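Q: In UniProt numbering, the protein residues as written are 1 to 482.
Take a look at the following structure, please.
Rendered as structure tokens:
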């Protein structure tokens, strides 16, 4: 077994190993030191030096044994069968090595060692790291361990650290490189691009989410509001998507995309300066604002304009809240219902127009049909007689006038004309003779009231006075002559 930790023997001049002790600077006040200080060399004792009792008392090295960092090490031949070493106790007292024992061979990772095979003073090879625990189990940064090999192997140039293989990176070297799913560092972080031969990645243009080859050769755009445009040899994120417009930022030549108003499909300079309109039933009318078409309204939520109720020419907020009415004879203040005296024709449509139709002259209001009165209008009408709104007794409807006209004095009921009696005003009048006085009666006027009075008994008919016979009662005269 080799001895990486041991070295040559001690002093010269015939001195024995018992004449040497471990040296520390505090032990000698004045001394002519005859041997240089190395790990393998003990210094000669002299009268002016005192020995540190915790190290040297009763523990001088025997022949063929030398001190190595205060430990006894037996010189062994390369093929000697050496056993374990004895370590120091808690007080730091050093024990001589037992006969037949020497320090074991250092581990493969140690260049030199003491105390034990894995207590390294130096590491084997140039690429291992001497730890605070004097182990060489870890590789220097940029190197990785290979089993049964003393030295560490170099990672790929893009790997800051790696393991098991040179291209199996744990961390990446260079700025802005990304550790991939395959543990390679061959790609840059988003927003950076690679230049051949340069470990560092370089920042893309501020408008590029990703780029390649040059900072402004965008592969994807920052944010969701830009569109990749073709500018010849490179693609740049210079245009905003439909529905967005460019606004300058504090950085020169850099723009952001801001949202157009919801009713603009495209806009420029401001969100409300529409170039084209978004949604159905919108249009630009000599202004940059996309207003709803006639008979449509914006409900504040949907892109499409919503249709107003049929009765509204324009409306706001809700379909029935009319700003102007569609058709004549409508009341805007009452959501464009028909005005009094007009009715909604149930068969009306947009082709025919939305005008309200006039009610029959005797209806204050009507519904569905012109003569289906809901309220009555005009004098001398029975206002509780809806839907017909008949005239009061003694009055008639001439078919033209709102007011009922008075029947002729002879009629208690009449129609169409004042003297077209349906009933007579008095039993003395004959309905079959248009309510003239019955036979045997004549008409007189008393106190401005015309009425029928009975003729004298000898008159079959009379006029003006009861005895002014226009025809005689012949039956009565016959009996008188007899």
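Idealized CB from N, CA, C, for every residue including glycine.
Source: prediction; values computed, not measured.
Give the straight-line distance between the Cα atoms of residue 228 and residue 337, rounded to the nearest whole angstrom.
A: For this step, residue 228 is matched to residue 228 along the chain shown. For this step, residue 337 is matched to residue 337 along the chain shown. Spanning the two alpha carbons is a distance of roughly 54 Å.
Q: Indicate whether the contact test is met: 3 or more Cβ pairs, each with one atom in the segment 387-405 and one in the segment 370-379, closer than 8 Å.
A: Yes, since at least three Cβ pairs between the segment 387-405 and the segment 370-379 fall closer than 8 Å, the two stretches touch.
Q: Residue 147: buried (16+ other C-beta within 10 angstroms of its C-beta) or exposed?
A: The residue labelled residue 147 in the question sits at position 147 within the chain shown. Answer is exposed; the Cβ neighbour count stays below 16.
Q: Taking the straight line between their C-alpha atoms, what separation do you get for residue 258 and residue 158?
A: On the chain shown, residue 258 is found 258 positions in, with the first residue counted as 1. On the chain shown, residue 158 is found 158 positions in, with the first residue counted as 1. Each residue's alpha carbon lies about 40 Å from the other.
Q: Out of curiosity, what's the CA-to-CA distance linking residue 342 and residue 425?
A: Working through the chain shown from its first residue, we reach residue 342 at position 342. Working through the chain shown from its first residue, we reach residue 425 at position 425. Answer to the nearest angstrom: the Cα atoms are 37 Å apart.
Q: Are the beta-carbon atoms belonging to residue 303 and residue 279 less than 8 Å from one another?
A: Start at 1 with the first residue of the chain shown, and residue 303 comes out as number 303. Start at 1 with the first residue of the chain shown, and residue 279 comes out as number 279. Going by C-beta atoms, residue 303 is nearer than 8 Å to residue 279.
Q: Closer than 8 Å is the cut-off here; do at least three beta carbon pairs connect the segment 413-423 with the segment 441-453?
A: With a cut-off of 8 Å, the segment 441-453 and the segment 413-423 do not count as touching, because too few Cβ pairs lie within range.
Q: What's the gap between the Cα of residue 411 and the Cα of residue 427?
A: By 1-based counting over the chain shown, the position of residue 411 is 411. By 1-based counting over the chain shown, the position of residue 427 is 427. So the alpha carbons of these two residues sit roughly 11 Å apart.
Q: Can you pull the DSSP bridge partners for residue 120?
A: Translated into the one-based positions of the chain shown, residue 120 becomes position 120. Answer is 113.
Q: Below 8 Å, how does it come out for the segment 192-204 and the segment 168-179: are there three or more Cβ pairs, yes or no?
A: They touch, by the three-pair rule.
Q: Alpha carbon to alpha carbon, how far is residue 106 from residue 54? Give it in angstroms, no decimals.
A: On the chain shown, residue 54 is found 54 positions in, with the first residue counted as 1. On the chain shown, residue 106 is found 106 positions in, with the first residue counted as 1. Legend: pLDDT at residue 54 = 30, less than 50; position of this residue unreliable, no value from coordinates given.
Q: By how many angstroms is the C-alpha of residue 269 removed from the C-alpha of residue 248?
A: Counted from its first residue, the chain shown places residue 248 at position 248. Counted from its first residue, the chain shown places residue 269 at position 269. Between residue 248 and residue 269, the C-alpha separation is close to 10 Å.
Q: DSSP on residue 471, reduced to helix/strand/coil?
A: Here residue 471 refers to the residue found at position 471 when the chain shown is read from its first residue. Residue 471: strand per DSSP, three-state reduction.
Q: How close, in whole Å, do the beta carbons of residue 340 and residue 365 come, if the pair is a contact with beta carbons under 8 Å?
A: Taking the chain shown and counting its residues from 1, one reaches residue 340 at position 340. Taking the chain shown and counting its residues from 1, one reaches residue 365 at position 365. About 5 Å; that satisfies the 8 Å criterion.
Q: For the candidate residues 211, 266, 217 and 204, whose alpha-carbon lies nearest to that of residue 225?
A: Translated into positions along the chain shown, residue 225 becomes position 225. Answer by Cα proximity: 266.
Q: Quick check on residue 93: does DSSP put it in helix, strand or coil?
A: Along the chain shown, read from residue 1 onward, the residue named residue 93 stands at position 93. Low local confidence applies: a pLDDT of 31 at residue 93 is under 50, so the model's placement there is unreliable, and no value is given.
Q: Would residue 313 and residue 324 qualify as a contact pair, given that the criterion is a beta-carbon distance under 8 Å?
A: The residue labelled residue 313 in the question sits at position 313 within the chain shown. The residue labelled residue 324 in the question sits at position 324 within the chain shown. A contact, by the Cβ cut-off of 8 Å.
Q: Please give me, in chain order, every unbroken run of the beta strand (DSSP E) with length at least 3 that falls completely inside the segment 321-367.
A: 322-325 and 363-366, all fully within the segment 321-367.
Q: So within the segment 111-196, which uninterrupted beta strand (DSSP E) runs reach at least 3 residues, ignoring any that extend past its ends?
A: Listed in chain order, the complete beta strand (DSSP E) runs (minimum 3 residues) inside the segment 111-196 are 120-123, 159-162, 169-172 and 192-194.
Q: Less than 8 Å between the C-beta atoms of residue 205 and residue 190, yes or no?
A: Within the chain shown, the letter at position 205 stands for residue 205. Within the chain shown, the letter at position 190 stands for residue 190. Going by C-beta atoms, residue 205 is not nearer than 8 Å to residue 190.
Q: Would you please state the rounded distance, in angstroms, between the beta carbons of residue 328 and residue 356? I believe it to be under 8 Å.
A: In the chain shown, the residue the question calls residue 328 occupies position 328. In the chain shown, the residue the question calls residue 356 occupies position 356. Yes, they are in contact, since the Cβ atoms of residue 328 and residue 356 sit about 7 Å apart, within 8 Å.
Q: Do you know offhand how far residue 243's Cα is from residue 272's?
A: Reading the chain shown from its first residue, position 243 is the one you call residue 243. Reading the chain shown from its first residue, position 272 is the one you call residue 272. Rounded to the nearest angstrom, the two C-alpha atoms are 11 Å apart.
Q: Can you check whether the CB of residue 142 is closer than 8 Å to the CB of residue 163?
A: Taking the first residue of the chain shown as position 1, residue 163 is located at position 163. Taking the first residue of the chain shown as position 1, residue 142 is located at position 142. Cβ distance not < 8 Å, so residue 163 and residue 142 don't count as in contact.
Q: Given this structure, state the Cα-to-Cα distance separating residue 466 from residue 449, to the nearest angstrom.
A: Your numbering for residue 466 matches position 466 in the chain shown. Your numbering for residue 449 matches position 449 in the chain shown. Approximately 17 Å, taken between the alpha carbons.
Q: Once the 5 residues before and after residue 371 are set aside, which same chain residues still bring their CB inside 6 Å of it?
A: As a first step, residue 371 must be located in the chain shown, where it is residue number 371. 360.
Q: What whole-angstrom Cβ distance do residue 310 and residue 326 have, given they're in contact under 8 Å?
A: Position 310 of the chain shown, counting from 1, holds the residue named residue 310. Position 326 of the chain shown, counting from 1, holds the residue named residue 326. Contact holds; Cβ gap of about 7 Å.
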